[in-house]
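Trainee: Below is one structure. I have some questions about it.
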Amino acid sequence: MGRDTATAALAGTASTKQELSALLIGDTFIEDRKIFDAGAAMLYEALEFLAGDDCPNVLAALGWARWMAGQGTEAMKFLDQALAIDPDHRLSHLQRRLFTSGKLPKSASTPDK
């Protein structure tokens with residue numbers, strides 16, 4: 090849950106499990122695109138310093154960030170890398186199901202104001 094909360098914090102705030110779920114499955118617009126983009130860049134930079142068991146989680150987080158930005162093909166590349174390291178990585182399998190469902194996350198567009 091901590092990993093999911095930290096990742097979702099890139100896209101906005103969530104104080105309940107329902108709000109967190111909505112963020113993670115793309116049912117919420119990104120509140121501050123600058124924070125999201127900076128956080129995603131931080132994840133990219135962190136990859137060069139990580140190794141071992143943590144790497145699939147970071148790759149899954151990167152995949153989610155790309156999917157949230159509307160870049161599904163790039164998101165799947167990160168999941169493929171995570172699953173190459175750990176074929177049983179549950180989060181990557183769950184994300185693959187979400188990403189290939191055809192659902193476009195609300196965060197991939199900007200809200201009408």
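Start counting the sequence shown at 90; every next residue gets the next number (the working numbering).
Positions of the beta carbon are idealized from the N, C-alpha and C atoms, including for glycine.
All of these numbers come straight from a predicted model, not from anything done at the bench.
Could you confirm whether any beta carbon from chain D is found closer than 7 angstroms to the beta carbon of Leu-112?
Mentor: The question asks about chain D, but that chain is absent: this structure has only one protein chain.
Trainee: If the criterion is Cβ atoms closer than 7 angstroms, does the pair Ser-45 and Ala-154 meet it?
Mentor: Only positions 90 to 202 of the chain appear in the structure, and residue 45 is not among them; the question remains open.
Trainee: Would DSSP call Glu-120 helix, strand or coil?
Mentor: coil
Trainee: Considering only the alpha carbon of each residue, which of Gln-170, Leu-112, Thr-189, Leu-151 lies closest to Lys-195?
Mentor: Closest option to Lys-195, Cα to Cα, is Leu-112.
Trainee: If we ignore side chains and look at the alpha-carbon of each, how far apart do Gln-160 and Gly-152 end up?
Mentor: If you take the alpha carbons of Gln-160 and Gly-152, they lie about 9 angstroms apart.
Trainee: Return the CA-CA distance between Thr-162 and Thr-117, expressed in angstroms with no decimal places.
Mentor: Computed Cα separation, rounded: 21 angstroms.
Trainee: Tell me, to the nearest whole angstrom, how far the beta carbon of Leu-168 is from that of Arg-185; I am working on the premise that it is less than 8 angstroms.
Mentor: Sure, about 5 angstroms apart at Cβ, within 8 angstroms.
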